[in-house]
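Residue numbers for the sequence shown follow the numbering used here, so the first one is 52 and each next one is one higher. We treat Cβ as the ideally placed atom computed from N, Cα and C, and that holds for glycine. One structure below.
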Amino acid sequence: MKLVLVAVGQRLPDWAQTACDDFAKRLPPDARFELRTVKAEPRGHKSVAALRAAERERIEAALPKGARLVVLDERGSTLTTAALARQWLQWQQQGDDVALLIGGPDGLDPALKSAAQQSLRLSDLTLPHALARLLLIEQLYRAWSLNAGHPYHRE
52 MKLVLVAVGQ RLPDWAQTAC DDFAKRLPPD ARFELRTVKA EPRGHKSVAA LRAAERERIE
112 AALPKGARLV VLDERGSTLT TAALARQWLQ WQQQGDDVAL LIGGPDGLDP ALKSAAQQSL
172 RLSDLTLPHA LARLLLIEQL YRAWSLNAGH PYHRE
């Protein structure tokens with residue numbers, strides 16, 4: 052199984068990029084984590100539906116074939132860190148690659164949301180894109196550490 056984070060958006064602020072890179076590097080090679088960034092659609096005078104559809108095409112092109120789709124959405128299910136660690140183990144047992152999707156400023160296209168096998172919420176708060184990406188990568192690292200018996204996570 053490979054975990055692939057597909058996120059809409061170009062460059063993160065330096066502080067966020069540094070932190071994301073740090074947590075991604077902490078994951079061991081057997082965790083098989085990959086970040087794929089897709090370009091946000093230029094806003095202009097396009098409708099939200101047109102923006103989301105253009106970004107959906109880019110996201111779909113970045114997805115691993117046959118991957119389980121997990122969208123990050125404010126209306127998704129809430130998981131504790133321990134539940135995310137258990138979820139990671141279930142994904143590993145199923146053997147399919149898992150694609151975690153973070154949309155752009157206007158969110159994800161409804162077709163992507165309906166195609167997803169799972170929808171997760173990171174917080175009840177609205178988070179800036181850079182923080183959402185960082186929070187997800189850190190929680191993936193924390194879930195891995197919990198499963199591996201690494202002392203990073205404490206209860």
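{"Query": "What does a CB cutoff of less than 6 Å around Glu92 pick up in its chain, not counting 5 residues either side in sequence?", "Result": "Leu102, Ala105 and Glu106"}
{"Query": "I need the DSSP call for Ser98, collapsed to helix, strand or coil.", "Result": "coil"}
{"Query": "Nearest by alpha-carbon distance to Leu151: which of Ala194, His204, Glu108 and Ala118 is it?", "Result": "Ala118"}
{"Query": "Starting from the Cα of Cys71, find the closest Cα among Tyr192, Gly127 and Ala199 and give me that residue.", "Result": "Tyr192"}
{"Query": "Assuming Gln169 is part of the alpha helix (DSSP H), what are its boundary residues?", "Result": "Unbroken run through Gln169 is the beta strand (DSSP E), Gln169 to Arg172; no alpha helix (DSSP H)."}
{"Query": "Kindly identify the DSSP beta-bridge partner or partners of Thr129.", "Result": "Arg172"}
{"Query": "Could you pull out every residue in the same chain whose Cβ sits closer than 6 Å to the Cβ of Val57, ignoring the five residues on either side in sequence?", "Result": "Arg87, Ile110, Ala113, Ala150 and Leu152"}
{"Query": "Can you name the start and end residues of the alpha helix (DSSP H) that Arg77 belongs to?", "Result": "Asp65 to Arg77"}
{"Query": "Between the segment 119 to 134 and the segment 62 to 76, can you find at least three pairs of beta-carbon atoms closer than 8 Å?", "Result": "no"}
{"Query": "Smallest Cα separation from Gln143: which of Pro64, Ala194, Lys76 and Ala75?", "Result": "Ala194"}
{"Query": "Spatial neighbours of His201 within its chain, please: CB distance less than 8 Å, with the 5 preceding and 5 following residues excluded, ordered by chain position.", "Result": "Trp195"}
{"Query": "Less than 7 Å between the CB of Ala112 and some heavy atom of the ligand NAD, yes or no?", "Result": "Judged by which ligands are present, the structure shown has none, so any question about the ligand NAD falls away."}
{"Query": "So Leu191 is in the alpha helix (DSSP H); what residue range does that whole segment cover?", "Result": "His180 to Ala199"}
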